[in-house]
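Worksheet for the structure shown next.
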Ligand SMILES: Nc1ncnc2c1ncn2[C@@H]1O[C@H](COP(=O)(O)OP(=O)(O)OP(=O)(O)O)[C@@H](O)[C@H]1O
Ligand SMILES: [Mg+2]
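In UniProt numbering, the protein residues as written are 1 to 505.
The following block contains the structure:
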């Protein structure tokens, strides 16, 4: 259905794709896999007319094509959900789905947008996709996962021969992924060719009929999932075997300082802490040197907890103590001054400043804490940026390039670097591994555990239970915006799942 051969792409002196090929057949789900910065999104942008390749050819159903814009690609029958969702938060769900092709009514020159029809058709579409969202809601008022579903619904609202999804599931939880997959299976049955990018290996094996692997902008190979079991897939992506992050291996490097830290006043302590409609009052202690994992389903109150702790939202009940001192944050700057850091889940809206360089993005929080003056010296800035680029393996041609040009996963790592650079005493991480590749995930988690062993307190929020289990000294489970309980290190995945899902008494 869609064929690409000999694709080269250079940005200035940097070669991003070299001789890449891809064969997408009708009626298949084809996973394109590779590490952060391997060139997956760039390839997709070439297939869909966002950027032009320096060399290579494309064909659709045997006809040579050279789409000059995403709209041109869409007219050819290629529908795409890009990695960074580009919807309009101030419009409604229905308006977003029909943006650019609103249904009209009337017969004068001034045709009005047919609002009722738009709502009706959106409702039908969402129903068909099994998505429970009110079409009249303003998009920005929905959680990220819902917005992601709207972006997918938009792509599915036009007749297409090819559907391209760049990390569509990064914010979805298991049940939402399952309903998306049910839709994709139906579309596959009807002959659609589907290209799918993800960093979740289990999803690849659940849905893909074929896998193409890219490494450093080059084509490594094409396999069926049966030919390429997970460890072989990871090795093909990374070029070597990858060990899972584990507290044991970090402890083996440098023994935990747990003993000396034990018994001291908690670094951070919440008592009956919560807010109307956001979070039922809960109590929680964070000690120095400790990683506390937070598990829970979407909407269970994980992000709300983080935002309240960091002063992004105002708490209505209870107390928050830092090192035994009661404080009431009305602004995150106060939290930052007391040594807190918060890496938010929605990197594009709440995190990166696209026009600023990688370096400026990394020093941003540190500079903010110091005040606007004196400015951190450029040499010092460069040093800091370089240190974190190496530490977290951020793939950037140089630290002066705009951060928007980094691949999605590398932007995520730069955002983490921004907060690590402030040497926080309490680090709150909300889905820090979202969009980060398998190998980099392990490095990132190991680094977080190392910092904790040096005395930092970490609150680690993640939808991936296996990650939470591997990294945490203790696990707090949230359900329906309240604390369901705590589990010690060594708890099993089944125990966590039980607590997550158990209906509230
Ligand atoms: N306009 C640009 N100028 C310079 N470099 C760019 C530009 N666009 C992309 N790159 C670089 O191309 C490389 C490949 O990026 P791409 O976004 O395709 O990676 P990816 O495989 O999608 O990674 P991820 O899994 O993190 O999303 C990255 O190193 C990125 O920094
Ligand atoms: Mg990408």
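From the three backbone atoms N, C-alpha and C, an ideal C-beta is built for every residue, glycine too.
Just so we're clear, the structure is a prediction, and the values are computed from it rather than from any experiment.
Beta carbon of residue i nearer than 7 Å to that of residue j
| i | j | result |
| --- | --- | --- |
| residue 16 | residue 57 | no |
| residue 81 | residue 151 | yes |
| residue 267 | residue 287 | yes |
| residue 14 | residue 397 | yes |
| residue 47 | residue 60 | no |
| residue 384 | residue 353 | no |
| residue 359 | residue 411 | no |
| residue 187 | residue 153 | no |
| residue 465 | residue 486 | no |
| residue 40 | residue 197 | yes |
| residue 78 | residue 157 | no |
| residue 19 | residue 395 | no |
| residue 306 | residue 500 | no |
| residue 278 | residue 304 | yes |
| residue 70 | residue 139 | no |
| residue 345 | residue 480 | no |
| residue 392 | residue 417 | yes |
| residue 432 | residue 339 | no |
Check: residue i C-beta below 6 Å from any heavy atom of ligand 1
| i | result |
| --- | --- |
| residue 196 | no |
| residue 38 | yes |
| residue 238 | no |
| residue 80 | no |
| residue 16 | yes |
| residue 219 | no |
| residue 329 | no |
| residue 11 | yes |
| residue 129 | no |
| residue 416 | no |
Straight-line Cα distance separating residue j from residue i
| i | j | result |
| --- | --- | --- |
| residue 116 | residue 460 | 44 Å |
| residue 356 | residue 12 | 19 Å |
| residue 491 | residue 469 | 7 Å |
| residue 170 | residue 114 | 33 Å |
| residue 271 | residue 489 | 23 Å |
| residue 162 | residue 55 | 22 Å |
| residue 293 | residue 53 | 44 Å |
| residue 63 | residue 127 | 35 Å |
| residue 382 | residue 3 | 42 Å |
| residue 213 | residue 221 | 6 Å |
| residue 204 | residue 474 | 30 Å |
| residue 451 | residue 371 | 25 Å |
| residue 73 | residue 194 | 15 Å |
| residue 104 | residue 112 | 6 Å |
| residue 24 | residue 405 | 27 Å |
| residue 325 | residue 208 | 53 Å |
| residue 251 | residue 374 | 39 Å |
| residue 84 | residue 448 | 26 Å |
| residue 27 | residue 184 | 10 Å |
| residue 408 | residue 165 | 14 Å |
| residue 133 | residue 244 | 37 Å |
| residue 369 | residue 399 | 21 Å |
Residue i beta carbon near ligand 2 (any heavy atom closer than 6 Å)
| i | result |
| --- | --- |
| residue 441 | no |
| residue 227 | no |
| residue 170 | no |
| residue 412 | no |
| residue 34 | no |
| residue 393 | no |
| residue 408 | yes |
| residue 203 | no |
| residue 41 | yes |
| residue 148 | no |
| residue 83 | yes |
Close-in-space but distant-in-sequence residues of the same chain around residue i (CB under 7 Å, 5 per side omitted)
| i | result |
| --- | --- |
| residue 238 | 35 and 439 |
| residue 5 | 21, 56 and 57 |
Chain-order list of residues whose beta-carbon lies under 8 Å from that of residue i (same chain, five-residue window excluded)
| i | result |
| --- | --- |
| residue 421 | 362, 363, 365, 366, 384 and 388 |
| residue 173 | 145, 297, 298 and 463 |
| residue 334 | 311 and 327 |
| residue 519 | Look at the range of the chain in this structure, 1 to 505, and you will see that residue 519 is not part of it. |
Contacting residues, own chain, Cβ-Cβ under 6 Å from residue i (five flanking each side not counted)
| i | result |
| --- | --- |
| residue 522 | This structure leaves residue 522 out entirely; the chain is present only between 1 and 505. |
| residue 31 | 196, 204, 208 and 211 |
| residue 290 | 457 and 473 |
| residue 102 | 113 |
Problem - Ranges of the beta strand (DSSP E) found wholly within the stretch 26 to 73, counting only runs of at least 3 - result: 29 to 33, 55 to 60 and 63 to 65
Problem - Complete runs of the beta strand (DSSP E) confined to the stretch 107 to 146 [at least 3 residues] - result: none
Handout entry: Residue ranges of each beta strand (DSSP E) within the stretch 200 to 240, 3 or longer
Key = 210 to 215 and 218 to 223
Problem - alpha helix (DSSP H) segments (min. 4 residues) lying fully within the stretch 257 to 329 - result: Runs of the alpha helix (DSSP H) inside the stretch 257 to 329: 258 to 261 and 302 to 309.
Exercise for the section: Any chance you could list the alpha helix (DSSP H) runs of at least 4 consecutive residues sitting entirely within the stretch 154 to 196, in chain order? Expected result: 174 to 189
Exercise for the section: Any chance you could list the alpha helix (DSSP H) runs of at least 4 consecutive residues sitting entirely within the stretch 453 to 505, in chain order? Expected result: Listed in chain order, the alpha helix (DSSP H) elements of length 4 or more contained wholly in the stretch 453 to 505 are 465 to 471 and 493 to 501.
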